[in-house]
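Visitor: For the sequence shown, numbering that gives the first Met the number 0 assigns the number 0 to the initial residue and increments by one for each residue that follows.
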Amino acid sequence: MSFLIRVQLPDSPGTLGAVATALGAIGADILSVDVVERAGGVAIDDLVIELPGGRLPDVLITAAESIPGVEVDAVRPYAGVLDTHRELELVEDVAADPADGLAILAEGVPKIVRAGWALIVAASGDGATRLAASTAAPDLRTIDLPWMPLARATVLDGEESWVPATWRELGTELAATPLGKPERVMLVGRPGGPMFRAAEVARLAHLAGIVAVVLPD
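1. Between the C-alpha atoms of leucine 144 and proline 51, what's the straight-line distance to the nearest angstrom?
2. Flag this pair as yes or no: are the beta carbons of alanine 132 and alanine 164 separated by less than 8 angstroms?
3. Going by Cα to Cα distance, which pick from Gly40, Ile25, Val187, Glu36 is closest to arginine 12?
4. Using three-state DSSP, classify aspartate 92 as helix, strand or coil.
5. Taking the C-alpha atoms as reference points, what is the distance between alanine 62 and arginine 113?
6. DSSP three-state label for arginine 202, please.
7. Between which two residues does the beta strand (DSSP E) holding alanine 73 run?
8. Could I get the ranges of all uninterrupted alpha helix (DSSP H) runs contained in the region 149-206, with 4 residues as the minimum, in chain order?
9. List the DSSP bridge partners of threonine 141.
10. With glutamate 49 as the anchor, note down where its beta strand (DSSP E) starts and where it stops.
11. Whose C-beta lies closer than 8 angstroms to the C-beta of isoleucine 119 among residues of the same chain, with five residues either side of it excluded?
12. Would you mind stating whether valine 32 and alanine 42 have Cβ atoms separated by less than 8 angstroms?
13. Along the chain, where does the alpha helix (DSSP H) that runs through glutamate 106 open and close?
14. In whole angstroms, what is the alpha-carbon distance linking alanine 73 and glycine 191?
15. Count the other CB atoms, across all protein chains shown, that sit within 10 Å of the CB of methionine 147; report buried if there are 16 or more and exposed otherwise.
16. I need the DSSP call for arginine 85, collapsed to helix, strand or coil.
17. Can the beta-carbon of glycine 157 be found closer than 8 angstroms to that of leucine 173?
18. Is it right to say alanine 135 is buried, meaning 16 or more other beta carbons lie within 10 angstroms of its own, or is it exposed?
19. Glutamate 91: buried (16+ other C-beta within 10 angstroms of its C-beta) or exposed?
20. Within 10 Å of its beta-carbon, does proline 193 have 16 or more other beta-carbons around it, so buried, or fewer, so exposed?
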């Protein structure tokens, strides 16, 4: 079974190699690695790891944190490997079919930022109306989003009163970005975390800005 594990580690030569060695010692196989963020001498990395059947994911945490200075942010099941070229492919797909661009974007974004779901909503008199949603997104037609219109991409507090109870129960981390205009927003959720990093929010904003150019108003 494959898992996505997010680790914080000292941004120094050899640390990631030491983590890989520790994971290999328990029979885990690293399928892919993506650097999420680097700042202040600390690196945040996402690793997709295949674990032999019969072993609990807790062993991944124990192995990784056996290396000094390493902390595990989150571990969750994950299908596939990390693909850093998906942004380009998604932009090309939207450009090829702009009339269906919102649906294509909503379906593609969770794969890029390793999230559980994405919703695209527009401000309306009754709150926010759903324009498009990924396959695993909550089945909501309207939702009260008091922070709309949204001026810039941001991390949202998943414990605020507007957040549906089921999202809070799942510990859903949330991020949002305007999509061409403040009244149209892409909301992305990660049930169970990990939290969205500044670099990931910037990545969402950049992608939304590019895609918005080819979307119909």
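Glycine residues also receive a C-beta, built at the ideal position from the N, C-alpha and C atoms.
Computed from a predicted structure; not experimentally measured.
Guide: With the given structure in hand:
1. 43 angstroms
2. no
3. In the sequence under discussion, the amino acid at residue 12 is proline, which differs from the arginine named in the question. Selected option, being the one with the closest Cα: Gly40.
4. helix
5. 23 angstroms
6. helix
7. 70-76
8. 164-168
9. Thr128
10. 41-49
11. Leu101, Leu104, Ala105, Arg129, Leu130, Ala131, Ala132, Leu178, Arg183, Val184, Met185, Leu186
12. no
13. 100-112
14. 8 angstroms
15. buried
16. helix
17. yes
18. exposed
19. exposed
20. buried
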